Amino acid sequence: MANIIKKPSHECTTYLFLKLKGVSDYLVDADTHERMLSAGRAISAFTENYVLGKNGYEIEVNRKYDVDINNMVRKTIKHFVGKEKEVKQMLQKLGAELSLEIIPYLCADSEYPNPILSMDKDIIAFLYQSGTELDIDYYII
């Protein structure tokens, strides 16, 4: 009996990342600490699904892979859609930057369809209206 080896599928993670402008990755003083706490309070007005990482807040992390990455992104941004003006005001008030992080892992020899990485118009509109950057870091494995 021959062993059937299934080729790996692709993976992807999407999340929003909030980083305070002018904050060192290595030095956290009292002012920076207070700014980070303020950022957490501001984010909680939109969602409770966020964690403080080394450099900022990871918000609405989604690891449930969908070949159409737009579906993953929509789950990530769902609590912010329709509130673009408020998001932009929050970023200005905090002196922060927000980015939509998309991190696909593409398996070179996968038998599965390649992911759709181009953004749909509604997502592009959200990014523009909210002042959110788009960052795609893909890895071929």
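Position 130 of the sequence shown, counting from 1, maps to 110 under this note's numbering, and the rest follow consecutively. Every residue, glycine too, gets a C-beta built ideally from N, C-alpha and C. Source: prediction; values computed, not measured.
Item, Value
"Check whether the Cβ atoms of lysine 55 and serine 110 sit closer than 7 Å, and answer yes or no.", "no"
"Mark leucine 17 as exposed unless 16 or more other C-beta atoms lie within 10 angstroms of its C-beta, in which case mark it buried.", "exposed"
"Does DSSP put valine 47 in a helix, in a strand, or in coil?", "coil"
"Exposed or buried, which one is glycine 62 when buried takes at least 16 other CB atoms within 10 Å?", "exposed"
"Starting from valine 67 and walking both ways along the alpha helix (DSSP H), at which residues does that stretch end?", "64 to 74"
"According to DSSP, is glutamate 40 helix, strand or coil?", "strand"
"Can you list, in chain order, the residues of its chain whose CB lies under 6 Å from that of isoleucine 120, leaving out five sequence neighbours each side?", "Leu86 and Ala88"
"Check whether the Cβ atoms of leucine 148 and leucine 78 sit closer than 7 Å, and answer yes or no.", "The question about residue 148 has no answer, for the chain in this structure spans -19 to 121."
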